[in-house]
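Have a look at the structure below, then the notes.
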Amino acid sequence: MVMEKSKAGSLRDDFGSFLSDRQIQKPMTIDEYFEEASTNSKVYQSSHAAMVEAFGPPEMFDTSNDTRLSRIYENRVLLTFKPFEGQFFGMYDVIYQIYSYFLRGAQGLDEAHKWLYLLGPVGGGKSTLAERIKELAQIVPMYSLAYVGGGEGKNDKAEVSPVFESVLGLFASVPRLKDSVMERFDIPARAFPRLMSPWARRRVEQAEAEYGPGKVLDAFRVVKFFPSIVDQTGIAVATPGDDTNQDTSVLVGKTDIHQLSNHSQDDPDAYSFSGSLCRGQRLMEFVEMFKAPIKTLNPLLPATMENYFSGTESIGAIPYQGIILAHSNESEWDKFRAKKENEAFIDRIVKVKVPYVLSVTEEVQIYDKLINNSALRGAPCAPGTKEALATFSVLTRIAKPEGDSSYEAKVRVYNGEDLSHTNLKAKQLIEYRNAAGVNEGMTGDSTRLAYEILAKTYNFDPTEIAADPVHLLNVLSHEIKQRNLGEGIEKTYLVTFVGILYAQLKKTIEHAIRDSYLEAGDALGQATFDRYITLANHWIDTQDYKDPDTGHIWNRTAINAKLEEIEKPAGISNPKDFRNEVSRYAIKHKAEHGKFPDWREYGKMREVIESKMFKNIDDMLPVITFSVKTDQKLEAEHQGFVERMMGRGYTRKQVRRMVEWFEQEKNK
């Protein structure tokens, strides 16, 4: 009997395969490289083209098939990318702009000579995006020039170029040679670096002196390897310093004083190619770039415009074919942009704004991702908790709505809700956006701060790791008061924004309690829904209605009165349009499924029915409260209520807290 391979054994094989794939493979001779290049353009593709490959082919996502997203994105067809699925939310346009930068750079357009600059507020996702881009930069291999010296067959010990340059650089400086390579192997001119590195020039001279001109190319090889963030091979990171402790060497390298005993100061072998531009021939990230002294940034201009830069000593120019990725917040960008002497830098930048998420649903998805990557994964979170926190976060980020439209309405519209029948003062999403301007979402509370508040909410009760709306309100109010926001902002946060949350959570908790209390709620709700649709259809068609129970004939006025009994408690301000919309929805559903939809499926109608069903809460209190029950039937009803609440996502302790809060609010 053949035993199935153990999971551990399979993992060991996978890990070994991974390491084997990423090791520098057996070097190719120059002839082998060009033979491969004649049929495979990937061996000489640009860094931008490699990133396009890493992103993978874009997939079409038609938002018209999603009711909520169709409102947010105006029925556009979005392009999405698998490497970002499940990790980035509400960033469709941002990710596509980044992809477009790489695509145009791969086509040899002006983006090939510009930096990619992510501009956004603190904690808005810039660094996370940059990390993902660096991860993707590792999955497509590079092909670097290497030196093995003379002697046929001597290819087991290759000295890889310290700047990971293309072998095409050997031919780039001589037009006749370059043209010959282009013609023979159909390689475009844009694939060639501007020149070979000082290291390569030294190796050419060495090979020519030792083995003669005819054997020079035999002394070189091409090695295939995968870029590595950890090893800083092909990918490098630069961080800002100040005028006293940072100069251009952080980017371009410097003389290695330990080598001066064996080499002259202008000898490439005495030079340490340790700068980020040297190591980052696929991609160089400059963190908080505009905090760095301007003298440190100077090498970036020729590196992008001319595809080479100068070292700190007179060793000659060093080729650069990589991508420069930078990011900072808006205040640093504004300071940098305000200085006239920085115009040349600004002209070399492709700016992509990375604002905060302005949709509650996507903000919640970010919280879920963060929680799932922590020890809080699986810890109970009562319904509405994360949604309330996300609502608060979005409220701090959006511009104040103009006119008599409310903050709450704007947040709901930004989340893709249709308020046309329930709030006549609400505007269309495009109106809100136009009034807010292009910088909306660049200020406000970060997701990082919101996550800290959520973490404190989970740990608010020392006896139970769980989050609920009541604890969230306590934590949030305390945090706001501790932040010294200024009287005006603090008042807006505490009174207006927390007030919106309070009303939202009150509604959520009341719905949960009332639904759990009314055991027959589904049947009653469905009956009310079906009756409403029937009456609405008769009213729309101007037909009398015969009550099947009493036989009484209702004219259109009587039908209207019955419909208003259901609509008015829910605040329906435009009943005519509302009836037509609900009727069309129900008729379409019945035609497709043979019956009216479940009354809970259609959010607007559910709110209307619940407003009518639950008018008197006094009858609930004996059942839902945790007072001692002397009646066994009452105790059984209470336990049933608790179980139903727990089925909705509350812990037993949270059920008690929600009920006590509900009762307290009722008595205010």
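Note that numbering that gives the first Met the number 0 has the sequence shown beginning at 0, numbered continuously upward. Ideal Cβ placement from N, Cα and C applies to all residues, glycine included. What you are looking at is a predicted structure, and each value in this text was computed from that prediction instead of being measured.
Start-to-end residues for the alpha helix (DSSP H) that takes in L276: In the sequence shown, counting from the first residue as 1, residue 276 sits at position 277. Per DSSP, L276 belongs to the alpha helix (DSSP H) from S275 to R278.
Per DSSP, cross-strand counterpart(s) of L144: Sequence index remark: in the sequence shown, residue 144 carries index 145 (1-based). Paired residues: V221.
Distance CB(G119)-CB(F80) smaller than 8 Å: If you number the sequence shown from 1, residue 119 lands on position 120. If you number the sequence shown from 1, residue 80 lands on position 81. For G119 and F80, no; Cβs fall outside 8 Å.
Assigned secondary structure, I397 (DSSP; H/G/I helix, E/B strand, else coil): If you number the sequence shown from 1, residue 397 lands on position 398. The answer is coil: DSSP assigns I397 none of H, G, I, E or B.
Sequence-distant residues of the same chain with beta carbon closer than 7 Å to S404, five excluded per side: If you number the sequence shown from 1, residue 404 lands on position 405. Correct list, in chain order: K424, A425 and K426.
Buried versus exposed call for V494 [16 or more other C-beta atoms within 10 Å across all chains shown]: In the sequence shown, residue 494 corresponds to position 495, counting from 1. Exposed: under 16 other Cβ atoms inside 10 Å.
Y450 versus Y413: straight-line alpha-carbon distance, rounded: In the sequence shown, counting from the first residue as 1, residue 450 sits at position 451. In the sequence shown, counting from the first residue as 1, residue 413 sits at position 414. Taking the straight line joining both Cα atoms gives about 21 Å.
Per-residue DSSP class, three states only, for H38: For the purposes of this step, residue 38 is taken as the residue at position 39 of the sequence shown. According to the sequence provided, residue 38 is Thr. The question's His does not apply to it. If DSSP states are grouped into helix, strand and coil, T38 belongs with coil.
Touching by the beta-carbon criterion (3+ pairs, under 8 Å), the stretch 563-576 and the stretch 634-645: no
Option nearest Y95 by Cα separation, candidates A378, I571, K352 and G602: The residue given as residue 95 occupies position 96 in the sequence shown. That would be K352, whose Cα lies nearest to the Cα of Y95.
Beta strand (DSSP E) segments (min. 3 residues) lying fully within the stretch 293-365: 307-309, 316-318, 322-327 and 348-352
Sub-8 Å separation of L299 and I317 beta-carbons: As a position in the sequence shown, residue 299 is number 300, starting the count at 1. As a position in the sequence shown, residue 317 is number 318, starting the count at 1. No, the Cβ-Cβ distance between L299 and I317 is not below 8 Å.
Cβ-Cβ distance between I234 and L296 below 8 Å: Looking up residue 234 in the sequence shown gives position 235. Looking up residue 296 in the sequence shown gives position 297. No, the Cβ-Cβ distance between I234 and L296 is not below 8 Å.
Cβ contact (3+ pairs, closer than 8 Å) linking the stretch 202-214 and the stretch 100-115: no
Local Cβ density within 10 Å of P468, reported as buried at 16 or more and exposed below that: If you number the sequence shown from 1, residue 468 lands on position 469. With 16 or more Cβ atoms within 10 Å of its Cβ, P468 is classed as buried.
C-beta contact flag for L673 and A53 at 8 Å: No answer is possible for residue 673: the residues shown for the chain start at 0 and end at 667.
Reference E110, options S248, K350 and E486, closest by Cα: Position 111 of the sequence shown, counting from 1, holds the residue named residue 110. The shortest C-alpha separation from E110 is found at K350.
Contacts around P670, its chain only, beta-carbon distance under 7 Å, and the 5 residues preceding and following it disregarded: Absent from the model: residue 670. The displayed extent of the chain is 0 to 667, so no value can be given.
Between the CA atoms of N666 and L388 - distance to the nearest angstrom: Numbered from its first residue, the sequence shown carries residue 388 at position 389. Numbered from its first residue, the sequence shown carries residue 666 at position 667. So the two alpha carbons sit approximately 26 Å from each other.
Euclidean distance between Cα positions of W538 and N573: Locating residue 538 in the sequence shown gives position 539, where the first residue counts as 1. Locating residue 573 in the sequence shown gives position 574, where the first residue counts as 1. Cα to Cα, W538 sits roughly 15 Å from N573.
Residues of its chain near S37, where Cβ-Cβ distance is below 6 Å and the 5 sequence neighbours each way are ignored: One-based indexing of the sequence shown puts residue 37 at position 38. Taken in chain order, the residues that qualify are F184.
Alpha carbon of A557 to alpha carbon of K545, nearest angstrom: Along the sequence shown, one-based indexing puts residue 557 at 558. Along the sequence shown, one-based indexing puts residue 545 at 546. Those two C-alpha atoms are separated by around 11 Å.
With 16 other Cβ atoms within 10 Å as the buried cut-off, status of N554: Residue 554 sits at position 555 when you count from the first residue of the sequence shown. N554 comes out exposed.
Where W114 falls: helix, strand or coil (DSSP): Position 115 of the sequence shown, counting from 1, holds the residue named residue 114. In this structure, W114 counts as strand in the three-state DSSP scheme.
M90 versus L68 - alpha carbon distance: Locating residue 90 in the sequence shown gives position 91, where the first residue counts as 1. Locating residue 68 in the sequence shown gives position 69, where the first residue counts as 1. Cα-Cα distance, rounded: 13 Å.
Same chain only: Cβ atoms within 8 Å of A435, ignoring 5 sequence neighbours per side: Counting from 1 along the sequence shown, the entry for residue 435 is found at position 436. Same-chain partners within the cutoff: I397 and A398.
Coil, strand or helix - D598 by DSSP: One-based indexing of the sequence shown puts residue 598 at position 599. First, the amino acid is wrong: residue 598 is Trp here, not Asp. In the structure shown, W598 sits in coil (DSSP, three-state: anything other than H, G, I, E or B).
Close beta carbons around I71, own chain, < 6 Å, minus the five adjacent residues each side: Along the sequence shown, one-based indexing puts residue 71 at 72. The answer, listed in chain order, is G415.
Distance between beta carbons of D268 and Q258, contact taken as under 8 Å: One-based indexing of the sequence shown puts residue 258 at position 259. One-based indexing of the sequence shown puts residue 268 at position 269. Correct: roughly 6 Å between the Cβ atoms.
Closest by C-alpha distance to F180, when choosing among S160, I29 and I228: For the purposes of this step, residue 180 is taken as the residue at position 181 of the sequence shown. According to the sequence as given, residue 180 is Val; it is not Phe. Minimum Cα distance to V180 is reached at I29.
Top-ranked residue by Cα proximity to P292, from W598, T254, Q653 and E340: In the sequence shown, the residue the question calls residue 292 occupies position 293. Here the closest residue by C-alpha is E340.
Range of the contiguous beta strand (DSSP E) that encloses D61: Reading the sequence shown from its first residue, position 62 is the one you call residue 61. Its beta strand (DSSP E) spans residues E58 to D61.
C-alpha distance - I348 paired with M59, whole-angstrom precision: In the sequence shown, counting from the first residue as 1, residue 348 sits at position 349. In the sequence shown, counting from the first residue as 1, residue 59 sits at position 60. Taking the straight line joining both Cα atoms gives about 28 Å.
Contacting residues, own chain, Cβ-Cβ under 7 Å from A188 (five flanking each side not counted): For the purposes of this step, residue 188 is taken as residue 189 along the sequence shown, with counting starting at 1. Excluding sequence neighbours, A188 sits near M181.
Other residues of its chain near V286: CB distance less than 6 Å, five sequence neighbours each side excluded: In the sequence shown, the residue the question calls residue 286 occupies position 287. T238.
Strand pairing of I552, partner residues [DSSP]: Here residue 552 is taken as the residue at index 553 of the sequence shown, counted from 1. Per DSSP, K545.
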